[in-house]
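Residue numbers (UniProt numbering), protein chains in the order written: chain A, 1 to 531; chain B, 1 to 340.
Here you go:
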């Protein structure tokens, strides 16, 4: 027996000694930026394919574009990047870009108009998820070689209609507008894929960073481009590590093992807010939380009923309790900071008014199914809606499922009510207007499954034409006013109850300067960061 | 006279049973994946895709064909080592598994070692000193191990040993500065750093693995020690033990030489099951400690309808169970002459 006891004590002592002699964590080096983020949504880093939130942050730091945003002055709108200047033809259909001279890719190859033409053509020809951002200008696999061409060393982009220049240029700031190194990419072409497989895990850009490695669900490592035309970034190495848990991100930040934690929940933000050496950055993002009413349900198609539902939501109550710090009230389909966005939020919780509207419509004892993804904040919102709807006499049955399950039913027009988020695809008002307030064919056969109005069986009526008019209006202020008017009508008549706009709170070491998550309009930028 | 030697027949039967088990596993998993109310096409094309693109991908994936034909085609590819491409990582599933499985193998092996080294003696002592304070302590240790949520225990462990005391490394397999410093040979960072003779990385990697491995080891210990105690109690009440004591054998000989020898076969089953359970991937532990193992890989894939990844991961987990079964059978023969 003594032997057993000795063995046990020895084991315990050995383990304790081994553990206590281990080193403590150290602060990150001065020239290295370490970020904790959830990056398990990345599926490809090819700009022609990448269309996920965290993947966008990666691609945005690897590539230059014809035009881009200045991370330190996002309000200024698009600015010249690899294109030094541009001119619009008289008929408004062709934009001629003059390329910036002396810029090179990380391979050493010069950035030319040929590379720009190749990049845009490639994105159209590959026809992957984000390609619609370019094909909406009438570019097709068949005509793109003519519509995007090089003449006299300049890039010419011709569209099928005279769209607002701001619309076209805003779209070119999206990651699909990234300019890739034609020579390097085509050296890695396999089976006619225009280098897609290789570029999914490598980079060939002229941006501030080059990709060292992407380990799925683990990390992304960047190395600074010393020849970046705006000057070499201060952070020579950037590592984004996949840390799923908020509490774990907080611990890492407190220990100084990371510089920025991007996914802290409100409790952890509150817990760390007063800590010495840590500061909180807050930016409005583009994602909108909304619920929508399927117009195929006869009762929901009555205008008074649609209005009534907008008074059955405790907007302020949710924003000031479990959504505090994550969402702010926004009842319009354009996120704040977008061209034409408005701050008017006329609806508030008013059960009596909702009841009166339902009575006016002659609707009583309504029972509906709401579909929601298994995400904490959405389930909590659904519960709040269930509670306030019940006060107005509407019974709401909550169906929780995976994203694919719920989206599948939503796209099939199979849900009475859908609760979810929508993020803009590119930084132009058309991105949301063309899905919330545009539906040219409401028939089942049209199968416009990508259009939110269609998914809710909503014939947007006159709004469809107004959206089509706004996208070709070249006067910027007139265009902005058109979107304000469209939203005013949309708020009152649509079956959408837009409720909140997302806020991203990032906790970071106090010495970090110049970091932005890109707000509502673009991606996170690392090249201006100093510490 | 038999046409084949006995060993060849036995080996053939074993391999045949493995093949049938794996085929059954593949079939069931494949069918569950196809009838699950998730949409793999939507997972690929995304929320915004038009119906045209949706239909195109639907056909590209062969989902318009009969289920049995789909399974036949999948089986043909698997036989050639092609598990398809993961939607989530855009890489071949085989490549993904080769990356994530060693991480789990390393963690589970260390966890099981801790569980066995501490759990078996604890169980033996608890049985020998039944009702004593040490038995009570072992009972409480096991009870806590069974009932404490691993998620909470993991976070508390991180908070105390990493956050407050700074005794161990944080989440991840190695500190960020050492990431990629040793070439991946086995995929297991402890072994790779030894192969590269990079003792700094080895030390750092050990500081990162010790906490999650101890946590898994604790759960393993709880199970192993209770089972050991139960097996030992049965043996210690047997007549041959009383006889041995009457004959004047020392307690050490009675316990180790007789009683313990007779529970080895049962213990092998318990340890193999515990090890297989950890190799399956302890999802919550992997999430808390940002450990890129097979558990979190399969879970993430499942939630995203990434069926190629789910199927590939399931095959590996199934294979682990089958191989550990075979290994247990072999060890039975070593420890129990009757099984030969």
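Glycine residues also receive a C-beta, built at the ideal position from the N, C-alpha and C atoms.
Quick one, which of 320/B, 265/B and 305/B has its alpha-carbon nearest residue 331/B's? 265/B
Keeping to the same chain, check which residues put their C-beta closer than 7 Å to that of residue 321/B; ignore five residues upstream and five downstream. 276
Work out the CA separation of residue 201/A and residue 178/B for me, nearest whole Å. 21 Å
Between which two residues does the alpha helix (DSSP H) containing residue 294/B stretch? 294-303
Given a limit of 9 Å on CB to CB distance, which residues of the region 278-301 of chain B reach chain A? 287, 288, 289, 290, 292, 296, 297 and 300
Let me know if residue 462/A comes out buried or exposed under the rule of 16 or more other beta-carbons within 10 Å of its beta-carbon. exposed
Measure the C-alpha to C-alpha separation of residue 526/A and residue 113/A and round it to an integer number of angstroms. 26 Å
Which residues of the region 442-473 of chain A have a Cβ closer than 7 Å to any Cβ of chain B? Give them in chain order. 447, 449 and 450
Straight-line gap, residue 299/B to residue 216/B (C-alpha atoms, nearest Å): 18 Å
Hey, residue 92/B and residue 306/B: beta-carbon distance below 9 Å or not? no
State buried or exposed for residue 291/B, treating a residue as buried only when at least 16 other CB atoms are found within 10 Å of its CB. buried
Where residue 21/A falls: helix, strand or coil (DSSP): With a pLDDT of only 40 at residue 21/A, under the threshold of 50, the placement of this residue in the model should not be trusted, and no figure is reported.
Residue 260/A CB to nearest chain B CB: under 9 Å? no
Any residues in the region 224-252 of chain A with a beta carbon nearer than 8 Å to a beta carbon of chain B? Which ones, in chain order? 239, 241, 242, 243, 244, 245, 247, 248, 251 and 252
Would you call the region 501-516 of chain A in contact with the region 276-291 of chain A, where contact means no fewer than 3 C-beta pairs closer than 8 Å? yes
Under 9 Å between the Cβ atoms of residue 316/A and residue 348/A? yes
Selection from 466/A, 322/A and 423/A that minimises the alpha carbon distance to residue 437/A: 466/A
Every unbroken alpha helix (DSSP H) inside the region 318-394 of chain A [4 residues or more]: 351-361 and 376-391
Would you call residue 451/A buried or exposed, if buried means 16 or more other Cβ atoms sit within 10 Å of its Cβ? buried
Short check: CB of residue 524/A to CB of residue 261/A, under 9 Å? no
So the candidates are 496/A, 69/A, 43/A and 77/A; which of them puts its Cα closest to the Cα of residue 532/A? Within the shown structure, residues of chain A are numbered from 1 to 531, placing residue 532/A beyond reach of any answer.
For a cutoff of 9 Å on Cβ pairs, would you count residue 23/A as touching chain B? Below a pLDDT of 50, predicted positions are generally treated as unreliable, and residue 23/A, at 41, falls in that range; the measurement from the model is reported next regardless. Residue 23/A counts as touching chain B.
Keeping to the same chain, check which residues put their C-beta closer than 6 Å to that of residue 109/A; ignore five residues upstream and five downstream. 181 and 183
Give the secondary structure of residue 232/B by DSSP, where H, G and I count as helix, E and B as strand, and everything else as coil. helix
If the cut is a Cβ gap below 7 Å, which residues of chain B does residue 213/A touch? 180
Do residue 103/A and residue 137/A have their CB atoms nearer than 9 Å? no
Output needed in chain order: residues of the region 78-92 of chain B with a Cβ under 9 Å from some Cβ in chain A. 86, 87, 88, 89, 90 and 91
Report yes if the C-beta distance between residue 343/B and residue 211/B is below 9 Å; otherwise report no. Residue 343/B lies beyond the residue range present for chain B, which begins at 1 and ends at 340; the question has no answer from this structure.
Keeping to the same chain, check which residues put their C-beta closer than 8 Å to that of residue 91/A; ignore five residues upstream and five downstream. 162
Exposure of residue 501/A, with buried meaning 16 or more beta-carbon neighbours within 10 Å: buried
Give a yes or no on whether 9 Å exceeds the smallest Cβ distance from residue 276/A to chain B. no
Contacts around residue 16/A, its chain only, beta-carbon distance under 6 Å, and the 5 residues preceding and following it disregarded: Unreliable positioning characterises residue 16/A in this predicted model, as indicated by a pLDDT of 41, which lies under 50. A coordinate reading is not provided.
Taking Cβ to Cβ, would you say residue 141/A is nearer than 9 Å to residue 127/A? yes
Give me the subset of the region 159-175 of chain B whose CB atoms are less than 8 Å from a CB atom of chain A, sorted by chain position. 159, 161, 162, 163, 166, 167, 168, 169, 170, 171, 172 and 175
What residue range does the beta strand (DSSP E) around residue 87/A cover? 83-88
Members of the region 30-46 of chain B near chain A, C-beta cut-off 7 Å: 37, 38, 39, 42, 43, 45 and 46
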